[in-house]
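A.B. asks: Please find one structure pasted underneath; my questions will follow.
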Amino acid sequence: MDKKAQFLKTYANLPQASREEIVAVIGKEPYTWQSAKLEIEHDTPIGKEILEFLVNLKILS
């Protein structure tokens, strides 16, 4: 499973309230699960950075 699919699976299993929590800070800009999902779904450069950040934290493998 690729990183994007892993992220979307993890996101789908999160409780609704948790989706508003900050999951990553990229370039001094905080991203919640919701905003990260938008970036990742649209394949933006920030979305790719978020995925790498989550892999480094071992949230994704």
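So the sequence shown is numbered by our numbering: it starts at 21 and just counts up by one. Where is the CB? At the ideal position from N, CA and C, for every residue including glycine.
Consult DSSP for Ile70 and reduce its assignment to one of helix, strand or coil.
C.D. replies: By 1-based counting over the sequence shown, the position of residue 70 is 50. Correct three-state label for Ile70: helix.
A.B. asks: From Trp53 to Ile66, what does the alpha carbon distance come to, in whole angstroms?
C.D. replies: Indexing the sequence shown from 1 puts residue 53 at position 33. Indexing the sequence shown from 1 puts residue 66 at position 46. Answer to the nearest angstrom: the Cα atoms are 13 Å apart.
A.B. asks: Quick one: what does DSSP say Ile42 is sitting in, helix, strand or coil?
C.D. replies: Walking along the sequence shown from the start, residue 42 turns up at place 22. Strand.
A.B. asks: Drop a sphere of 10 angstroms on the beta-carbon of Lys57, count the other beta-carbons inside from all chains shown, and report buried for 16 or more, exposed for fewer.
C.D. replies: Taking the first residue of the sequence shown as position 1, residue 57 is located at position 37. That one is buried.
A.B. asks: Pick out whichever of Glu61, Val45, Glu49, Gln36 has its Cα sitting closest to the Cα of Leu74.
C.D. replies: In the sequence shown, counting from the first residue as 1, residue 74 sits at position 54. Cα-wise, what sits closest to Leu74 is Val45.
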